[in-house]
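This report refers to the structure that appears directly beneath it.
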Amino acid sequence: MSSTLCMLAYMQRTTVKLPDELDARLRHEAQRRGSTVSELTREAIENLLGVHHGKRRLLAAAAGASGRDDISERIEEILANEVLPSH
4 MSSTLCMLAY
14 MQRTTVKLPD
24 ELDARLRHEA
34 QRRGSTVSEL
44 TREAIENLLG
54 VHHGKRRLLA
64 AAAGASGRDD
74 ISERIEEILA
84 NEVLPSH
């Protein structure tokens with residue numbers, strides 16, 4: 004059995020209703036990252052609930068691919084927001 008099939012064997016399917024605009028943004032971001040909507044959704048929920056499997060991944064690591072030109076000037080702010088997110 005492949006690792007993907009093993010992982011899916013213990014996962015629960017959940018349906019989430021999203022507004023059209025949010026769904027479009029989610030699908031665009033998944034495509035931009037070369038990921039799936041499911042993977043991106045799991046990652047977002049894990050981050051929200053503070054669930055970390057293995058090594059912690061900082062989203063700022065991909066800041067260079069954001070298209071913004073002020074990342075180097077704002078890196079401290081970006082990292083602080085990821086380490087201590089305000090709710």
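As numbered in the numbering used here, residues 4 to 90 make up the sequence shown, in order.
For every residue, glycine included, the Cβ atom is placed at its ideal position computed from N, Cα and C.
Note that the structure is predicted; figures quoted are calculated from it, not measured.
#1: Quick one: give me the first and last residue of the alpha helix (DSSP H) that Asp-26 is part of.
#2: The alpha helix (DSSP H) that contains Arg-45, what's its start and end?
#3: Please return the same chain residues whose Cβ sits closer than 8 Å to the Cβ of Thr-39, not counting the five positions on each side in sequence.
#4: Please state the DSSP three-state secondary structure of Arg-16.
#5: Would you tell me roughly how many angstroms separate the C-alpha atoms of Glu-85 and Asn-50, rounded to the nearest one?
This is what the structure gives:
#1: Residue mapping note: residue 26 aligns to position 23 of the sequence shown, counting from 1. Residues 23 to 36.
#2: Against the sequence shown, residue 45 aligns to sequence position 42. It spans 40 to 52 - the alpha helix (DSSP H) in which Arg-45 sits, taken as one unbroken run.
#3: Residue numbering aside, residue 39 sits at position 36 when the sequence shown is read from its first letter. Answer for Thr-39: Ala-33, listed in chain order.
#4: To locate residue 16, count along the sequence shown from 1; it is residue 13. Coil.
#5: Here residue 85 refers to the residue found at position 82 when the sequence shown is read from its first residue. Here residue 50 refers to the residue found at position 47 when the sequence shown is read from its first residue. Using only the alpha carbons, I get a separation of about 10 Å.
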